[in-house]
Amino acid sequence: MALLKNLKGEVDLAFQTLGTLKFKPMRKLSKAIIKEAAIELIKEKGLKEFTARNLGNKLGVTDAAIFKYFPTLRNLFEEILLDFIAECKQSFSAVVHSDLNA
-6 MALLKNLKGE
4 VDLAFQTLGT
14 LKFKPMRKLS
24 KAIIKEAAIE
34 LIKEKGLKEF
44 TARNLGNKLG
54 VTDAAIFKYF
64 PTLRNLFEEI
74 LLDFIAECKQ
84 SFSAVVHSDL
94 NA
């Protein structure tokens, strides 16, 4: 009987403690949000610190959440590079066409 009372006390304490914990709501993620945060992380800390854990911390999510959108960090980095190349092509094209029309 004493064992049951003791166990009940521990269970009650566990539920009280659980009630005081603050859970962060999961941030809404998208590929664009992850890529933007990854770029900021690389600018701030360099490629050596470009890890799923650091990126997850920056976004306020687990590293597993990132892998739902990108199978690997390499895949994420490649998409960032492809976006950058596309922006460069677009800018270059705009400059070339503006000079031709001038």
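For the sequence shown, the working numbering assigns the number -6 to the initial residue and increments by one for each residue that follows. We put the CB at the ideal spot given by N, CA and C, even for glycine. Note that the structure is a prediction, hence the values are computed from the model and not measured.
Item: Neighbour-count burial assignment, L52, 16 or more Cβ in a 10 Å radius; Value: buried
Item: Proximal residues to I35 (C-beta, below 6 angstroms), its chain only, five neighbours per side dropped; Value: F43
Item: For A45 and T22, believed in contact at Cβ under 8 angstroms, the rounded distance; Value: Note that residue 22 is Leu in the sequence shown, not Thr. Not really, about 13 angstroms apart at Cβ, beyond 8 angstroms.
Item: For I26 and K15, the rounded distance between their alpha carbons; Value: At K15 the pLDDT is 47, less than 50, meaning the model places this residue with poor confidence; the figure from the coordinates comes in the next sentence. One C-alpha to the other measures close to 24 angstroms.
Item: Helix, strand or coil at V89 according to DSSP, with G and I counted as helix; Value: helix
Item: Burial state of L74, where buried means 16 or more other Cβ atoms lie within 10 Å; Value: exposed
Item: Same chain, Cβ closer than 7 angstroms to K17, neighbours up to 5 away in sequence not counted; Value: In this prediction, K17 has a pLDDT of 49, which is less than 50 and means its spatial position is unreliable; what the coordinates show is noted afterwards. Excluding positions up to five away in sequence, the list reads G53.
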